[in-house]
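K.L.:
Have a look at this one.
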Amino acid sequence: MDKLRALQYLVKVADTLSFTRAAKAFGVPASSISRRIADLEADLGVQLLHRTTRTVRMTEIGARYLEQVRGALAQLDDAEEQAGRHGSTPGGTLRISAMPGYSRLLMPALVAFGDRYPGILLDVHLSDALVDLGRDQIDIAIRGGRLPQERVVARRLDPNQFLLAASPDYLARRGTPRTFDDLRDHDALLYRGPNALLKWQGRDEDGWHEVPVAPAFISNDGASLLAMACRGRGLVLLPEWALKDALRCGELVHISLDRPLAIGRGGEAGIYLMYLQTRYQIPKVRVAVDFLVEQLGSNPPA
């Protein structure tokens, strides 16, 4: 039995939940896919898939086995790609995971990257959820927050400074807050992260603490919060890079309080580009990291 081929088939069936689609991807009959996986199950002595006439899904033990197999296959693919493309033009599929709100800055950079490296296929996933670069087979991840503690290389693109803002119309109607206490009398547009609502944090002489505000709108999409703020629906607390255009054209006004206000309680906050050091040796990853850090680092394009 060709175990490597069987493992590749298993991964594709798990991803597509279909023998037919997996067979199409490999250009072989569906019966070949099914037979190879059955041989693998017999060799292991366990059932990896639940099969019916209409559906296919992983068993519990199959899911655990697959999680370990993915990492091994990814390492093998990396080794083969690194050896096969040594000294050659970068190519292949580059998988990038980034925050949805950052896409406004990221996409123009990726267009320019695609023009320079047409042989690289970009596979971009927009999500705020945390990723495991190895397990999720992601080449590059861009996330905001504190300096990651995982075993990854993290290059800071932006300090991710948060600014409080509102539309001129809103401020004319409700007044301009100057203190934390003033915020109690205003409507707040709040961001919901992957796991919880992100509360506003203020710092005074006693340190950081939650600042109570009255939510008027909640969303997990920064662009929606920005749009609501521009329509005069309340105060918004977003990164400077997200507010820059609206502040420049006057749709929003920056509000300065007497004390620092942020999302989170200090630390080395920022927008980080992250990758595994071992994958940096692969040409497509190396050129992408260098290009994106150059394009987006410190002073993102307007």
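Each residue of the sequence shown is one higher than the one before, starting from 1 at the first, in UniProt numbering. Ideal placement from N, C-alpha and C gives every residue a C-beta, glycine not left out. Computed from a prediction, not measured in an experiment: that's the story for all the values here.
Where do the N-terminal and C-terminal ends of the alpha helix (DSSP H) with L292 fall, by residue?
P.N.:
Position 292 of the sequence shown, counted from the first residue, corresponds to residue 292. Segment 283 to 296, the alpha helix (DSSP H) holding L292.
K.L.:
What does the alpha-carbon distance come out to for the pair A63 and L238?
P.N.:
Looking up residue 63 in the sequence shown gives position 63. Looking up residue 238 in the sequence shown gives position 238. Between A63 and L238, the C-alpha separation is close to 39 Å.
K.L.:
Let's see if you can read the secondary structure: which residues bound the beta strand (DSSP E) around E210?
P.N.:
Counting from one through the sequence shown, the residue named residue 210 turns up at place 210. That run of the beta strand (DSSP E) goes 207 to 210.
K.L.:
From V293, F26, I255, R286, pick the residue whose C-alpha is nearest to that of Y170; which is it?
P.N.:
Taking the first residue of the sequence shown as 1, we reach residue 170 at position 170. Here the closest residue by C-alpha is I255.
K.L.:
Below 7 Å CB to CB, which residues in the same chain sit around R59 once its five sequence neighbours on both sides are set aside?
P.N.:
Along the sequence shown, one-based indexing puts residue 59 at 59. Note on identity: in this sequence residue 59 is Thr, with Arg being the wrong assignment. Result list for T59: Q47, L48, L49, H50, in chain order.
K.L.:
Buried or exposed for P300, please, with buried defined as at least 16 other CB atoms from any protein chain shown within 10 angstroms of its CB.
P.N.:
The residue labelled residue 300 in the question sits at position 300 within the sequence shown. Confidence in P300 is poor, its pLDDT being 45 and thus under 50, which makes the residue's placement unreliable; the coordinate value appears in the next sentence. Classification of P300: buried, given that the 10 Å Cβ count is 16 or more.
K.L.:
Tell me which residue opens and which closes the alpha helix (DSSP H) that M228 is part of.
P.N.:
By one-based count along the sequence shown, residue 228 stands at place 228. Counting along the chain, the alpha helix (DSSP H) containing M228 begins and ends at 222 to 230.
K.L.:
Compute the Euclidean distance between the alpha carbons of A302 and L106, then round it to the nearest angstrom.
P.N.:
The residue you call residue 302 lines up with position 302 of the sequence shown. The residue you call residue 106 lines up with position 106 of the sequence shown. Because A302 sits at a pLDDT of 40, beneath the cut-off of 50, its placement in the model cannot be relied upon, and the following sentence gives the value as read from the coordinates. Each residue's alpha carbon lies about 11 Å from the other.
K.L.:
Count the other CB atoms within 10 Å of the CB of L147; is the residue buried (16 or more) or exposed (fewer)?
P.N.:
Within the sequence shown, the letter at position 147 stands for residue 147. Per the 10 Å Cβ criterion, exposed.
K.L.:
Between the alpha carbons of G92 and R248, how many angstroms are there, rounded?
P.N.:
Position 92 of the sequence shown, counted from the start, is the residue given in the question as residue 92. Position 248 of the sequence shown, counted from the start, is the residue given in the question as residue 248. Taking the straight line from one Cα to the other gives about 39 Å.
K.L.:
Pull up the CB-CB distance for L157 and Y272, whole angstroms please, since I reckon it's below 8 Å.
P.N.:
Along the sequence shown, read from residue 1 onward, the residue named residue 157 stands at position 157. Along the sequence shown, read from residue 1 onward, the residue named residue 272 stands at position 272. With 8 Å as the limit, L157 and Y272 qualify as a contact, their Cβ atoms being about 7 Å apart.
K.L.:
Taking one C-beta from the region 227 to 247 and one from the region 180 to 193 each time, how about it: are there three or more such pairs within less than 8 Å?
P.N.:
Flag = yes, the region 227 to 247 and the region 180 to 193 touch.
K.L.:
Is V11 helix, strand or coil by DSSP?
P.N.:
As a first step, residue 11 must be located in the sequence shown, where it is residue number 11. Of the three classes helix, strand and coil, the one that applies to V11 here is helix, per DSSP.
K.L.:
Buried or exposed for N195, please, with buried defined as at least 16 other CB atoms from any protein chain shown within 10 angstroms of its CB.
P.N.:
As a position in the sequence shown, residue 195 is number 195, starting the count at 1. Looking at its Cβ environment, which holds fewer than 16 other Cβ atoms inside 10 Å, N195 is exposed.
K.L.:
Rounded to whole angstroms, what's the CA-CA distance from T290 to S34? Just pull it up for me.
P.N.:
In the sequence shown, residue 290 corresponds to position 290, counting from 1. In the sequence shown, residue 34 corresponds to position 34, counting from 1. One point to set straight first is that residue 290 is Asp, not Thr, in the sequence displayed. Rounded to the nearest angstrom, the two C-alpha atoms are 43 Å apart.
K.L.:
Under DSSP, the beta strand (DSSP E) around residue 383 begins and ends at which residues?
P.N.:
Missing from the structure shown is residue 383; the chain here goes from 1 to 302 and no further.
K.L.:
Please state the DSSP three-state secondary structure of L252.
P.N.:
Counting from 1 along the sequence shown, the entry for residue 252 is found at position 252. Note: L252 maps to coil in three-state DSSP.
K.L.:
By DSSP, does M99 sit in helix, in strand, or in coil?
P.N.:
Position 99 of the sequence shown, counted from the first residue, corresponds to residue 99. Looking at M99 - three-state DSSP - the assignment turns out to be coil, as it is neither helix nor strand.
K.L.:
Between the C-alpha atoms of L7 and T16, what's the straight-line distance to the nearest angstrom?
P.N.:
As a first step, residue 7 is located in the sequence shown; it is residue number 7 there, counting from the start. As a first step, residue 16 is located in the sequence shown; it is residue number 16 there, counting from the start. Cα-Cα distance, rounded: 14 Å.
K.L.:
Can you tell me whether residue 389 is buried or exposed? The criterion is at least 16 other CB atoms within 10 Å of its CB, across all chains shown.
P.N.:
The first residue shown for the chain is 1 and the last is 302, placing residue 389 beyond what the model contains.
K.L.:
Could you check where the alpha helix (DSSP H) with S219 kicks off and where it finishes?
P.N.:
Within the sequence shown, the letter at position 219 stands for residue 219. That residue, S219, is in no alpha helix (DSSP H); its beta strand (DSSP E) goes 214 to 219.
K.L.:
Please report how far the alpha carbon of S103 lies from the alpha carbon of F26, in whole angstroms.
P.N.:
Your numbering for residue 103 matches position 103 in the sequence shown. Your numbering for residue 26 matches position 26 in the sequence shown. Approximately 33 Å between the Cα atoms of the pair.
K.L.:
Identify, in the order they occur along the chain, each residue of the same chain with its Cβ nearer than 7 Å to the Cβ of K284, setting aside the five sequence neighbours on each side.
P.N.:
The residue given as residue 284 occupies position 284 in the sequence shown. If we look at K284 and ignore the five residues flanking it on each side, its Cβ neighbours are P90, G91, G92, L94, I120.
K.L.:
Just tell me which of F19, I218, P100 has its CA closest to the CA of R143.
P.N.:
Translated into the one-based positions of the sequence shown, residue 143 becomes position 143. Checking every option, the nearest Cα to that of R143 belongs to P100.
K.L.:
Helix, strand or coil: how does DSSP classify P301 here?
P.N.:
For the purposes of this step, residue 301 is taken as the residue at position 301 of the sequence shown. Note that P301 scores a pLDDT of 42, beneath 50, so its modelled location is shaky; the value from the coordinates is reported in the next line. Here P301 sits in coil by DSSP.
K.L.:
Report yes if the C-beta distance between A109 and L292 is below 8 Å; otherwise report no.
P.N.:
Locating residue 109 in the sequence shown gives position 109, where the first residue counts as 1. Locating residue 292 in the sequence shown gives position 292, where the first residue counts as 1. Against a cut-off of 8 Å, the Cβ pair of L292 and A109 comes out as a contact.
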